[in-house]
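Engineer: If you read the sequence shown in our numbering, its first letter stands for residue 1366, the second for the next number, and so on. For each residue, glycine too, the CB sits at the ideal point set by N, CA and C. A quick note: this is a predicted structure, and the numbers were derived from the prediction, not measured. Below is the structure I would like to discuss, written out as structure tokens.
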Amino acid sequence: MTLEQQDKQYVLQTYARDYTNFVKGVGSTLYDENGKDYIDFASGIGVNSVGHGNAVLTSALCEQAKKIIHISNLQVIEPQAKLAQKIVELSGYDMGIFFANSGAEANEGAIKIARKYGETKFDEKRYKVITLEHSFHGRTITTVKATGQESFHTPNFSPYPDGFSYVSNLEAVYAAIDDETVAVMIELVQGEGGVQPFEKEEIQKLANHLKAEGILLIVDEVQTGVYRTGAFLASNVYEIEPDIITLAKGLGGGLPIGAVMTKHKEVLSMGDHGSTFGGNYLSTTAGLAVLEVLAPLDSSGEVAQTVAYFTAKLEVVASKYAHLFEKSVGVGLMRGLRAKSAQIQTACVQNAMQEGLVLLKAGRNTVRFLPSITISKDEIDEGFRRFETVLDSL
1366 MTLEQQDKQY VLQTYARDYT NFVKGVGSTL YDENGKDYID FASGIGVNSV
1416 GHGNAVLTSA LCEQAKKIIH ISNLQVIEPQ AKLAQKIVEL SGYDMGIFFA
1466 NSGAEANEGA IKIARKYGET KFDEKRYKVI TLEHSFHGRT ITTVKATGQE
1516 SFHTPNFSPY PDGFSYVSNL EAVYAAIDDE TVAVMIELVQ GEGGVQPFEK
1566 EEIQKLANHL KAEGILLIVD EVQTGVYRTG AFLASNVYEI EPDIITLAKG
1616 LGGGLPIGAV MTKHKEVLSM GDHGSTFGGN YLSTTAGLAV LEVLAPLDSS
1666 GEVAQTVAYF TAKLEVVASK YAHLFEKSVG VGLMRGLRAK SAQIQTACVQ
1716 NAMQEGLVLL KAGRNTVRFL PSITISKDEI DEGFRRFETV LDSL
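This is the structure we're talking about:
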């Protein structure tokens, strides 16, 4: 039985898998079972923020695994408290943190905070959450309903929770607010929706309006957080102070972790929310190690240099292959090329694998790039060399 046959027989087939069998990774280079190397411009969909086999991360995990991997949240967990402090300090916000296991769980937690806020802070209950078309907030029943893509709201999983509505753009948010609205939930850069960033001035205008109206601003930073956009948080880039922020993906460097940050520390009380695995010794040790690697790179200017170098390479490709792409999009190391057709997008991603380059798809026919924050210039150069070989063949 081949690995592909084994997967198809025993694993529920919910993914359109590629069956390249990777067995090793070093930095931003992957190796398959035949020894072929691949430049990784996907980093596990923005998860492997410090690349593969990072010595600081792997050493920290091995040392912690020898001691304690898990106890329950009924006991204090030292690396959890330390990671919470580190995240708060790096964010620049005065917030408290709840740790979960994924981005969807973090967004569920954010919605629960908003719902209780709407129940306890107003004379009349508020519970409605406004999100944007093309948004993506997770795969649970509630976060699927929060996602502003009709294709996700299939009757197969209905009925869905009430209280979510969608608007086509930021300007439409204002008219959509009513006396039952408790929160607006947005991604500052829509990842799955086509690596589409919003204008800074529009975001700041909305944030100020919501603050004046007493409505919560929830920023989903599951993909944009942890230096993905060139700063610790995209919220820092946009110079706003949300009420609630969610993190996941890059925070654990590959270990499952999610986090909900909020300045409304008093809203949840004991018993309101919980998690068996959330914030355990191993995952929060991973988070601390990731920030130990990335925070100094940001302070030294190396993250900004990597962003500038990658962006310059991408702009060259966008200009040289203007017959294939409409434009480049994105912020920091969350980038995309908007292909002129779905066929071009698919050909880019599929042919890149054959050429030894891992890329991603996103909405609006976007070829998506999510390299590790620690990717080297040599890996960037080689990745784009292989990408141009792909494009020359189209």
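May I ask you to list the residues that DSSP assigns as paired with residue 1624?
Structural biologist: Locating residue 1624 in the sequence shown gives position 259, counting from the first residue. 1464, 1612.
Engineer: For residue 1639, which residues in the same chain have their Cβ closer than 7 Å to its Cβ, ignoring the five residues on either side in sequence?
Structural biologist: Indexing the sequence shown from 1 puts residue 1639 at position 274. Excluding positions up to five away in sequence, the list reads 1438.
Engineer: Under 9 Å, Cβ to Cβ, is there at least one residue of chain B near residue 1483?
Structural biologist: Of the chains in the structure shown, none is chain B; there is only one protein chain.
Engineer: Leaving aside the five residues before and after residue 1557 along the sequence, list all residues of the same chain whose C-beta is less than 7 Å from its C-beta, in chain order.
Structural biologist: Along the sequence shown, one-based indexing puts residue 1557 at 192. The answer, listed in chain order, is 1501, 1727, 1728.
Engineer: Measure the CB-CB distance between residue 1725 and residue 1714 and report whether it falls below 9 Å.
Structural biologist: Taking the first residue of the sequence shown as position 1, residue 1725 is located at position 360. Taking the first residue of the sequence shown as position 1, residue 1714 is located at position 349. Yes.
Engineer: Whose C-beta lies closer than 8 Å to the C-beta of residue 1394 among residues of the same chain, with five residues either side of it excluded?
Structural biologist: Counted from its first residue, the sequence shown places residue 1394 at position 29. Shown here for residue 1394: same chain residues with a beta carbon closer than 8 Å to its own, the five before and five after excluded, namely 1402, 1403, 1404, 1405, 1417, 1744 in chain order.
Engineer: Using the C-alpha atoms, what's the distance from residue 1659 back to residue 1676?
Structural biologist: Counted from its first residue, the sequence shown places residue 1676 at position 311. Counted from its first residue, the sequence shown places residue 1659 at position 294. Cα-Cα distance, rounded: 19 Å.
Engineer: Which runs of the alpha helix (DSSP H) spanning at least 4 residues fall entirely within the stretch 1613-1689, listed in chain order?
Structural biologist: 1646-1664, 1667-1685
Engineer: Please classify residue 1417: does DSSP put it in a helix, a strand, or coil?
Structural biologist: Working through the sequence shown from its first residue, we reach residue 1417 at position 52. Note: residue 1417 maps to strand in three-state DSSP.
Engineer: For the beta strand (DSSP E) containing residue 1389, list its first residue and its last residue.
Structural biologist: For this step, residue 1389 is matched to residue 24 along the sequence shown. Run containing residue 1389: 1387-1391, per the beta strand (DSSP E) assignment.
Engineer: Just verifying my parser: in three-state terms, what is the DSSP assignment at residue 1564?
Structural biologist: Here residue 1564 corresponds to residue number 199 of the sequence shown, with the count starting at 1. Residue 1564: coil per DSSP, three-state reduction.
Engineer: In this structure, how does DSSP classify residue 1735 when only helix, strand and coil are distinguished?
Structural biologist: Indexing the sequence shown from 1 puts residue 1735 at position 370. In this structure, residue 1735 counts as coil in the three-state DSSP scheme.
Engineer: Going residue by residue through the stretch 1442-1492, where are the continuous alpha helix (DSSP H) segments of at least 4 residues, counting only ones entirely within it?
Structural biologist: 1443-1456, 1468-1485
Engineer: Is residue 1397 helix, strand or coil when you go by DSSP?
Structural biologist: Along the sequence shown, one-based indexing puts residue 1397 at 32. Residue 1397: strand per DSSP, three-state reduction.
Engineer: Between residue 1672 and the rest of its own chain, which residues show a CB-CB distance below 7 Å, the 5 nearest in sequence each way excluded?
Structural biologist: Here residue 1672 is taken as the residue at index 307 of the sequence shown, counted from 1. Counting only Cβ-Cβ distances below 7 Å, and skipping sequence neighbours, we find 1595, 1697, 1698.
Engineer: Quick check: the Cα distance between residue 1496 and residue 1599, rounded to an integer number of angstroms?
Structural biologist: Position 131 of the sequence shown holds residue 1496. Position 234 of the sequence shown holds residue 1599. Answer to the nearest angstrom: the Cα atoms are 18 Å apart.
Engineer: What separation, rounded to the nearest whole angstrom, lies between the Cα atoms of residue 1587 and residue 1611?
Structural biologist: The sequence position of residue 1587 within the sequence shown is 222, counting from 1. The sequence position of residue 1611 within the sequence shown is 246, counting from 1. If you take the alpha carbons of residue 1587 and residue 1611, they lie about 6 Å apart.
Engineer: When you compare each of 1433, 1589, 1651 to residue 1551 by their alpha carbons, which one comes out closest?
Structural biologist: To locate residue 1551, count along the sequence shown from 1; it is residue 186. Here the closest residue by C-alpha is 1589.
Engineer: Secondary structure at residue 1748, three-state DSSP: helix, strand or coil?
Structural biologist: Counted from its first residue, the sequence shown places residue 1748 at position 383. Correct three-state label for residue 1748: helix.
Engineer: With a CB to CB cut of under 7 Å and the five nearest residues on each side skipped, what residues in its chain are close to residue 1606?
Structural biologist: Reading the sequence shown from its first residue, position 241 is the one you call residue 1606. Excluding sequence neighbours, residue 1606 sits near 1458.
Engineer: Compare the C-alpha of residue 1648 against each of 1392, 1524, 1448, 1408 and name the closest.
Structural biologist: Counted from its first residue, the sequence shown places residue 1648 at position 283. Among 1392, 1524, 1448, 1408, the Cα nearest to that of residue 1648 is on 1448.
Engineer: Quick one: Cα of residue 1760 to Cα of residue 1731, how far?
Structural biologist: Residue 1760 lies beyond the range of the chain shown here (1366 to 1759); nothing can be said about it.
Engineer: Identify whether residue 1522 lies in helix, strand or coil by the three-state DSSP scheme.
Structural biologist: As a position in the sequence shown, residue 1522 is number 157, starting the count at 1. The answer is helix: DSSP assigns residue 1522 an H, G or I state.
Engineer: Please check the pair residue 1415 and residue 1738, which I expect to be a contact at CB under 8 Å, by giving their CB distance rounded to whole angstroms.
Structural biologist: One-based indexing of the sequence shown puts residue 1415 at position 50. One-based indexing of the sequence shown puts residue 1738 at position 373. Between residue 1738 and residue 1415 the Cβ distance is about 7 Å, and since that is below 8 Å, they are a contact.
Engineer: Taking residue 1467 as the reference, give the member of 1376, 1717, 1622 with the closest Cα.
Structural biologist: Here residue 1467 is taken as the residue at index 102 of the sequence shown, counted from 1. That would be 1622, whose Cα lies nearest to the Cα of residue 1467.
Engineer: Suppose only complete runs of 3+ residues qualify. What are the beta strand (DSSP E) ranges in the stretch 1537-1604, listed by chain order?
Structural biologist: Listed in chain order, they are 1546-1551, 1581-1585.
Engineer: Nearest to residue 1526 by alpha carbon, out of 1533, 1534, 1512?
Structural biologist: The residue labelled residue 1526 in the question sits at position 161 within the sequence shown. Ranking the options by Cα distance to residue 1526, first place goes to 1512.
Engineer: Could you tell me which residues DSSP pairs with residue 1726 in its beta bridges?
Structural biologist: Numbered from its first residue, the sequence shown carries residue 1726 at position 361. Per DSSP, 1732.
Engineer: Count the other CB atoms within 10 Å of the CB of residue 1499; is the residue buried (16 or more) or exposed (fewer)?
Structural biologist: Here residue 1499 is taken as the residue at index 134 of the sequence shown, counted from 1. With 16 or more Cβ atoms within 10 Å of its Cβ, residue 1499 is classed as buried.
Engineer: So what does DSSP say about residue 1508, is it helix, strand or coil?
Structural biologist: Here residue 1508 refers to the residue found at position 143 when the sequence shown is read from its first residue. Helix.
Engineer: Between the C-alpha atoms of residue 1668 and residue 1654, what's the straight-line distance to the nearest angstrom?
Structural biologist: The sequence position of residue 1668 within the sequence shown is 303, counting from 1. The sequence position of residue 1654 within the sequence shown is 289, counting from 1. Going from the Cα of residue 1668 to the Cα of residue 1654 covers about 17 Å.
Engineer: Mind checking which residues open and close the alpha helix (DSSP H) that includes residue 1714?
Structural biologist: For the purposes of this step, residue 1714 is identified with residue 349 of the sequence shown, where counting begins at 1. Unbroken alpha helix (DSSP H) run through residue 1714: 1707-1720.
Engineer: Between which two residues does the beta strand (DSSP E) holding residue 1405 run?
Structural biologist: Here residue 1405 corresponds to residue number 40 of the sequence shown, with the count starting at 1. Looking at the DSSP string, the run of the beta strand (DSSP E) that includes residue 1405 is 1402-1405.
Engineer: Under the assumption that residue 1456 contacts residue 1736 (Cβ atoms under 8 Å), give the Cβ distance between them as a whole number of angstroms.
Structural biologist: What you label residue 1456 is simply residue 91 of the sequence shown in a count that begins at 1. What you label residue 1736 is simply residue 371 of the sequence shown in a count that begins at 1. Residue 1456 to residue 1736, Cβ: 23 Å. No contact.
Engineer: What span of residues does the alpha helix (DSSP H) with residue 1375 cover, start to end?
Structural biologist: Locating residue 1375 in the sequence shown gives position 10, where the first residue counts as 1. That run of the alpha helix (DSSP H) goes 1368-1375.
Engineer: Count the other CB atoms, across all protein chains shown, that sit within 10 Å of the CB of residue 1636; report buried if there are 16 or more and exposed otherwise.
Structural biologist: Within the sequence shown, residue 1636 is the residue found at index 271, counting from 1. By the 10 Å Cβ count, residue 1636 comes out exposed.
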